[in-house]
Structure formats: structure tokens, C-alpha cells
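Everything on this sheet refers to the single structure shown next.
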Amino acid sequence: MRTRKVLTIILFLSVTLSLASFRGGQYFPSIHPAAAPAVNFPIDLDASSTGQTDTTVTASASQGSTFRVGAVISGSNPAIGTPLLFSPYIKFVNSSDIDTWANGKAVINDTNNNGIYDDGIQARIAGTINPPAPNVKLMVDPKVKFIDANGDGAWQFPEIVVYDTGGTGLFAANDKLIAPSVYGWQFAINYDPTVLIPQANPDPSSAYPDGAGNTVLLGSGTSLCPVYGGTNFGGCNWNAAAAANQGSSFVSTLVPGKILVGFTFLPPHNATFINTKALLANVAFEIIRKPASPITLTVSDIIFIDVDSQQTISTVVAGASASETITNDPPHANIIATKISAYVYSFSGTGSTDSDGTIADPAGYYWDFGDGTQDLATTGATILTHDYNSTCDTGCPNGAAFGGLFTVTLRVVDDGGATGSARDSNGSPIVNAQPSHTSLEIVVSKGPTVILSSSPSTPSPGDAVNFDGSSTTDDVAIASYSWDFGDNSPLVTGATATHAYSNPGTFTANLTVTDSLGQAKSMTKLIIVDAQPALTVTGPSTALTSQIVTLSLASSTSFPGGSISTIKIDWGDGKTDNLSGGSTSATHIYTTAGTYTVTVTSTNNNGKSTVKTLSMTVSAPASGLDLTLIAEIAIPIAAVVAAALVLMRRRKKPTAQPK
């Protein structure tokens with residue numbers, strides 16, 4: 031079984047800390063350089079130990095590649111009877127009409143003794159969370175005294191300031207500690223970037239199984255933490271996990287190789303008074319690029335900080351260095367996602383590797399599908415199907431919007447227990463910078479279902495064509511509509527559009543709809559723009575009954591490659607003729623006298639039609655006889671008579687006379 035070692039830097043403050051002011055909007059702690067080492071800040075490499083003798087950590091070859099670094103401070107109440115010394119430089123901001131110090135009034139070390147607060151010059155010993163206004167008047171209260179720890183007769187950080195309630199000059203149980211408040215801390219990890227790259231996880235929780243505890247610990251304070259006046263409540267509230275009103279910062283530089291980690295409370299949470307031993311926090315680290323041979327990692331520059339960039343607490347310095355041997359290369363996670371349908375994916379982690387060990391299947395694969403469901407070392411490297419429509423049918427378990435973007439993460443753990451899952455200062459996973467923890471953002475959505483309609487069906491050049499895409503549907507919001515009318519005219523946006531084509535022809539109108547996830551789908555429709563055919567009709571305006579009437583026809587279309595399909599003639603007497611498009615004439619016989627309207631309709635291959643009419647007046651013959659009928663009877667009679675005459679002549683031929 032792998033041995034876990036908690037690497038904790040412990041700083042013991044023999045006196046309570048003093049901090050400078052908080053500047054509004056500056057949420058994260060300022061980073062201050064470490065001063066020279068000081069003997070009164072020893073380290074303890076075992077957080078559970080009460081001794082102060084540990085200086086190194088020994089790691090076995092089988093130990094994992096993650097570790098923790100933390101910081102502990104402590105302070106003690108002054109002993110009853112400890113002498114209290116007055117300093118004319120220690121003054122306060124009178125925020126009320128009472129000219130004596132009271133709880134909450136800022137106490138200032140007036141270093142130049144000018145009686146006003148010079149921003150950036152005087153150090154604020156304690157008081158409210160907000161700094162005094164520049165040039166505010168400072169007042170002296172003879173009961174505000176300090177414990178001269180170094181015996182030099184002057185106050186120096188971090189000597190304790192006390193309100194001598196009884197004016198005895200000796201510390202008493204009812205005296206008020208004018209206590210500083212701790213806003214946070216920082217420390218540095220120094221490393222050689224040519225050899226290894228560490229990653230930190232300064233988040234309230236850590237998933238490193240070989241990184242000691244899985245929670246950033248924020249203290250072990252008890253109800254015995256005193257505040258102003260020595261009351262036994264409210265002083266030490268570091269005994270809870272980090273929450274939304276707390277935050278961490280993480281700064282990494284490659285040259286020189288250093289990671290600075292800071293922790294601070296965020297407004298509206300007040301700063302915290304520390305007057306007892308308390309573990310501030312510990313942060314998990316993982317070595318990303320482990321060398322083949324064991325190396326050491328130095329943890330140094332432990333600094334308790336203020337949040338005012340104009341003040342450096344130079345006397346709070348780093349302790350001695352500590353190191354740990356790193357031997358296990360963590361596994362490298364890999365995800366491949368395959369979209370089966372709009373809402374169903376399959377995932378594969380079989381591409382995950384480990385250079386110096388193995389990843390157990392299924393025990394080494396931890397999936398989070400981004401919808402509030404997980405598969406933790408149950409199914410293994412291959413997830414055949416994950417149906418988001420099913421898991422989010424009545425709402426995703428984690429409240430994620432559906433459909434939408436989902437972040438699928440895979441964390442792998444090798445047979446030595448090494449893994450990684452760092453997070454940034456906002457609590458978001460630093461996933462793709464960690465080999466053991468990777469993520470993939472997928473789109474779970476059917477995308478737009480584009481519906482395009484237009485009218486009229488076959489417009490003429492210059493006609494307004496109305497396009498409508500408003501019936502398009504999607505399971506997420508639609509972001510944009512883009513219309514391309516296919517005639518090289520500018521693109522048009524909007525759910526509906528109107529366009530007029532200048533020339534006849536066939537055009538491909540295209541509607542592209544893009545949703546809020548960036549999914550774009552299109553639909554096209556052929557738009558046939560055609561003018562009416564040209565049609566010429568000529569014929570007599572009068573006719574006789576039983577007489578053949580002939581019309582001359584000529585029709586053509588301007589549509590490219592088009593043709594006349596049919597020519598229909600309605601003679602006005604109840605009779606019609608449907609002719610082929612190439613017909614050039616038509617005949618008709620009226621049997622009844624009267625006035626008729628002849629209607630000729632020419633239709634081309636696109637269904638566009640042109641109609642022409644003419645009026646025809648039909649009369650009976652003047653004799654009252656039907657000349658056509660007479661002609662039909664007379665002709666055959668004349669032919670019979672002619673034939674008879676010929677025969678008679680042949681029979682009466684003269685006979686020759688004898689000579």
C-alpha cells in the first residue's frame with residue numbers, strides 16, 4: 031500500500047500578526063517577496079505533530095506523484111501581568127465623538143509622527159477592514175499600549191498592541207487585544223522547469239487519491255479563540271472548508287520555475303483574527319512531467335501577507351526548505367467521443383496511457399458526463415452509450431441547460447494511485463494542463479430544423495417574393511438567419527425576407543440558420559422566375575356558317591431553355607382545341623350564326639400563361655341556301671353528266687359510205 035506523506039510547513043508566530051489595510055475590489059492577496067530567514071519561524075513537516083523537530087520528508091520509490099503543502103500559524107494570549115509600554119507613535123482614527131479608542135477604530139503606527147494618516151507610509155496595526163482616508167487626523171489614547179517583546183522601547187511589527195482598560199501598565203484578563211486580522215497567506219514551490227512541471231490545486235476540494243486529505247483544510251480553531259476584550263467566541267473561524275466567499279490565487283512562471291499560491295477571504299467576509307494555533311490551508315500538487323530518475327522539489331518562501339499592495343510585511347519570512355522525492359509518473363488521460371444521434375454519445379478512454387504502470391479497467395476510469403451523472407470506476411474505459419435525453423428528461427441532475435454544451439471529463443488512476451485534477455482560482459478544473467485529467471466539450475443538440483417557404487410559386491421579374499423561415503425549430507435558441515437568394519445579391523438576415531429578381535431564370539435560394547451553440551443547418555429551394563409567354567393570334571373577324579375559319583398562331587417564351595407546352599383555343603361555341611406548343615394554326619367551322627369570343631391561351635413549361643381574345647361574327651349565307659351543301663351535291667352530278675356525254679358521242683360515230 032502506497033505511503034502518503036503530508037508535506038506541511040508550519041509557522042509559529044510568538045505574537046499576533048499585524049496586517050495592512052484591504053483595498054476595495056482587490057480580492058486576492060498581494061504577493062510579497064520573502065525576506066531573510068528568521069529563527070523564530072521553524073517548520074514542522076507533520077501537521078499532526080506537536081513537535082518542531084522535523085526538517086525533511088522521505089518518500090519511498092512507490093509513493094505517488096502528488097503531495098500537499100500547507101501553513102500553520104499560532105499566537106498566544108499575553109501572560110497576566112506582562113508589562114505594557116506606551117508609545118506616542120501608536121495612534122488611532124477617531125471615527126466617533128468619543129476621543130478614546132474603542133473596538134473597530136483603526137490603530138496606526140504614525141511613523142513620521144505628523145498626526146495625520148499618510149496613505150502608503152504609516153502601517154495600519156488593526157481596526158476596520160477598510161483603510162482610513164488619506165490625511166485623516168490621528169489621535170493618541172494613553173491606554174493604547176504595546177508589549178515590548180524585543181526590549182527596544184519602540185513598537186515593531188508584530189508586537190502585540192493592547193488597550194489597558196484599567197490603566198495599570200500590566201496586562202490583565204479584561205484588557206482588550208487590539209488584534210490584527212489575517213486575510214490570507216502565500217507560499218512558493220520552486221522547481222527546475224527543464225526537469226519537471228508541477229501543477230497545483232488551490233481549490234476547496236482535490237481529487238488526488240494519493241495527495242493526503244481530499245479537502246483544503248482551513249484551520250483547527252476552537253471556541254477558545256479570543257477577540258477584543260478576551261471573549262471566547264468568533265475569533266478563529268478557520269475550521270470550515272473554503273466557500274463561495276473565499277478564494278485562492280495561483281501564479282506560475284517557468285523561468286525561474288516557481289508556483290506562487292495564495293489564499294484570501296473575499297468580501298463580504300471579514301478578515302479573520304488569529305490568536306491561537308490554526309492550520310490555514312493545505313494545497314495539493316501533482317508533478318506533471320516526472321523525470322526518469324528521482325529528483326527533489328523545494329518548498330520555500332512561506333509568507334503571511336496583507337492585501338494592501340503598498341505594504342510589505344518584510345519581517346514575516348520563509349522558514350527552512352523541505353523536499354520530497356517524486357518517483358511516479360501519473361497516467362495520461364485521453365477521450366474520444368462519437369456522436370451516435372442528437373442526444374446520444376459513446377465515449378472511449380482506451381487511448382489513455384501510463385508510462386510506468388497500468389490503468390485498471392474499470393477501476394482506474396472515472397467519468398463525469400457534465401449533466402450531473404458520473405460513472406466512477408464502474409463501466410471502465412469504454413462507455414458504449416450515454417443518452418443525455420434520458421438523463422435530462424425532467425431536467426439535468428446538475429441543472430445544466432438541455433440541449434447545450436456539456437463538458438465530459440475523464441480522470442484516470444494508475445496502479446500506483448497517481449492521478450491529477452487541478453483547479454483554477456475560480457474552482458474550474460485545469461483539465462487539459464493535467465495528464466491524468468482531461469475534458470472534452472460536446473454539443474448535445476439536434477441543431478436547427480430549417481423550414482423554408484416562399485410565395486408566389488413562380489414569380490415574374492420584378493415581383494416581390496416573400497421568404498419565410500420563422501417555422502424553423504431548435505432545442506436551443508436560434509442565433510441568426512442568413513438568406514442567399516442565388517442571384518449574387520447581398521445576403522439578408524432575419525427570420526423573414528422579401529426579394530425581387532430582375533431577370534427570368536432558375537435560382538437556388540438558401541436559408542442558413544445558426545443556433546446559440548454554433549450549429550448551422552441550411553435548406554434550399556429552387557425559385558423559378560419567368561415572364562409570361564409572347565402570343566400573337568391573327569384571323570378573320572367575320573365568317574359564314576359552315577365556312578372553315580383559320581387562325582394563325584405564334585407563341586414563344588423568354589425563359590432560358592424554356593418552351594411552349596400547350597396552346598388552348600376556346601372557340602366560344604362550347605368547343606375547345608388543345609394544341610401542341612409548336613402549333614402555328616388552327617381551324618374551326620361554326621354551324622350557327624352569332625358573335626363569338628375566341629380565347630387563345632399559351633402556357634410554357636413553367637406554367638406561366640398568356641391569354642389573347644378576338645371577336646368572331648358568324649353569319650348565314652345570303653340565298654338562304656347552304657352553298658357548301660350545294661357544292662357538295664353539284665359536283666358529283668356534274669361528273670355523272672360529263673361521263674354520259676362521252677359515252678354517247680362514241681356510240682354515234684358516222685359510218686363510212688361506199689364509193
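Numbers 31 to 689, taken from this note's numbering, label the letters of the sequence shown in order. Just so you know, even glycine gets a beta-carbon here, dropped at the ideal spot from N, CA and C.
Between the CA atoms of residue j and residue i - distance to the nearest angstrom
i: Thr542; j: Lys551; result: 6 Å
i: Ala407; j: Val506; result: 33 Å
i: Pro108; j: Met169; result: 25 Å
i: Val671; j: Ser571; result: 40 Å
i: Ser586; j: Thr640; result: 10 Å
i: Ser117; j: Asn124; result: 17 Å
i: Thr629; j: Thr643; result: 4 Å
i: Ala527; j: Leu556; result: 16 Å
i: Ser78; j: Ile146; result: With a pLDDT of 30 at Ser78, under the threshold of 50, the modelled position of that residue is not reliable, and the figure given next carries that caveat. Taking the straight line from one Cα to the other gives about 47 Å.
i: Asp127; j: Glu189; result: 29 Å
i: Pro172; j: Pro164; result: 24 Å
i: Gly199; j: Leu115; result: 7 Å
i: Gly624; j: Ser645; result: 10 Å
i: Arg441; j: Cys422; result: 23 Å
i: Ser582; j: Thr568; result: 5 Å
i: Val246; j: Asp498; result: The pLDDT assigned to Val246 is 37, lower than 50, so where the model puts this residue is not dependable; a value taken from the coordinates is nonetheless given after this. Their backbone Cα atoms lie some 57 Å apart in a straight line.
i: Thr382; j: Leu521; result: The amino acid at residue 382 is misidentified as Thr; the sequence shows Ser. Spanning the two alpha carbons is a distance of roughly 46 Å.
i: Ala564; j: Gly535; result: 16 Å
i: Lys605; j: Ile594; result: 22 Å
i: Asp504; j: Thr479; result: 6 Å
i: Thr388; j: Val374; result: 30 Å
i: Thr409; j: Thr380; result: 12 Å
i: Arg679; j: Leu609; result: 53 Å
Contacts around residue i, its chain only, beta-carbon distance under 7 Å, and the 5 residues preceding and following it disregarded
i: Leu675; result: none
i: Ala393; result: Ala407
i: Ala584; result: Thr566, Thr614
i: Ile370; result: Ser376, Thr415
i: Leu547; result: Gly434, Leu435, Val473, Ser475, Val506
i: Ala390; result: Asp445
i: Phe537; result: Phe515, Gly516, Asp517, Tyr531, Ile557, Val559
i: Ala573; result: Val579, Tyr620, Met646, Val648
i: Gly197; result: Lys173
Cut-off 6 Å between Cβ atoms - residues of its own chain near residue i, not counting five sequence neighbours on either side
i: Ser378; result: Ile366, Thr412
i: Ser490; result: Ala561
i: Asp384; result: Pro361, Asp444
i: Gly592; result: Asn634, Asn635
i: Gln470; result: According to the sequence as given, residue 470 is Leu; it is not Gln. Counting only Cβ-Cβ distances below 6 Å, and skipping sequence neighbours, we find Ile365, Ala367, Val438.
i: Ser483; result: Asp498
i: Gly492; result: Ala530
Those residues which DSSP pairs with residue i across a bridge
i: Pro691; result: There is no way to answer for residue 691, as the model of the chain reaches only from 31 to 689.
i: Phe26; result: In this structure the chain extends from 31 to 689, so residue 26 is not present and cannot be described.
i: Ser649; result: Leu574
i: Gly624; result: Val648
i: Asp444; result: Ile389
i: Asp545; result: Ile508
i: Ser371; result: DSSP, once it has assigned bridges, lists no residue as partnering Ser371.
Of the residues the options, the one placed nearest residue i, counting alpha carbons only
i: Thr112; options: Thr502, Tyr620, Ala132, Ala179; result: Ala179
i: Thr141; options: Lys555, Trp185, Ser126, Thr130; result: Trp185
i: Thr647; options: Gly612, Ser593, Gln577, Ile599; result: Gln577
i: Gly433; options: Asp545, Gln404, Thr368; result: Asp545
i: Lys135; options: Thr479, Lys206, Ser485, Ser588; result: Lys206
i: Pro486; options: Gly637, Ala390, Ser582, Ser420; result: Gly637
i: Asp148; options: Val166, Asn133, Ile120, Ala202; result: Val166
i: Ile481; options: Ser512, Pro563, Val192; result: Ser512
i: Cys426; options: Gly181, Phe399, Leu581; result: Phe399
i: Gly524; options: Ala509, Gly535, Ser484, Asn518; result: Ala509
i: Lys175; options: Tyr193, Ser595, Gly410, Val442; result: Tyr193
i: Phe589; options: Thr488, Thr554, Gly477; result: Thr488
i: Val191; options: Trp397, Thr627, Ile177, Tyr626; result: Ile177
i: Pro162; options: Ser519, Ala372, Ile138, Pro478; result: Ile138
i: Asn428; options: Gly492, Ser420, Tyr373, Thr403; result: Thr403
i: Ser466; options: Leu609, Tyr395, Tyr626, Thr631; result: Tyr395
i: Tyr626; options: Leu609, Ser610, Asp603, Gly611; result: Asp603
Supposed contact pair residue j and residue i - C-beta distance, whole angstroms, cut 8 Å
i: Ala202; j: Ile120; result: No, Ala202 and Ile120 are not in contact; Cβ-Cβ is about 19 Å, not under 8 Å.
i: Thr468; j: Asn364; result: 6 Å
i: Tyr418; j: Asp405; result: With a Cβ gap of about 14 Å, Tyr418 and Asp405 do not count as contacting.
i: Phe668; j: Thr575; result: The identity of residue 668 in the sequence shown is Ala, whereas the question assumes Phe. Not really, about 25 Å apart at Cβ, beyond 8 Å.
i: Gly611; j: Thr596; result: 6 Å
Close beta carbons around residue i, own chain, < 8 Å, minus the five adjacent residues each side
i: Asp607; result: Lys598, Ile599, Trp601, Ala616, His618
i: Leu677; result: none
i: Ala494; result: Thr528, His529, Ala530
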